[in-house]
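In the numbering used here, the protein residues as written are 4 to 76. Structure record follows, encoded as structure tokens.
Pasting the structure below:
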């Protein structure tokens with residue numbers, strides 16, 4: 004599974020819309036959308052990783068593994 008799809012799945016599992024996820028994480032909604040759709044011109048930053056993982060209640064190591072392509076599923 005691609006990182007963007009996984010990220011979207013995690014957001015929906017957390018019961019969040021893009022707007023709610025943006026408010027909770029402090030990451031702009033457009034940035035979250037671009038990450039989910041795979042259109043981001045740069046990868047997710049360390050700061051964004053921490054914010055999104057906390058907002059979605061995801062283990063940071065799992066988040067980083069997925070972001071770096073270490074998909075174990």
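No residue lacks a Cβ here, since even glycine has one placed at the ideal position from N, Cα and C. As the structure is a computational prediction, the values presented were derived from the model and not from experiment.
Within the same chain, Cβ atoms closer than 7 Å to the Cβ of residue 10 are found at 38, 39, the five residues on either side in sequence being excluded. Between the C-alpha atoms of residue 60 and residue 26 there is a straight-line separation of about 14 Å.
By the neighbour-count definition (other C-beta atoms within 10 Å, threshold 16), residue 49 is an exposed residue. Residue 21 and residue 12 have their C-alpha atoms some 12 Å from each other. When the beta-carbon positions are compared, residue 24 and residue 70 stay at least 7 Å from each other.
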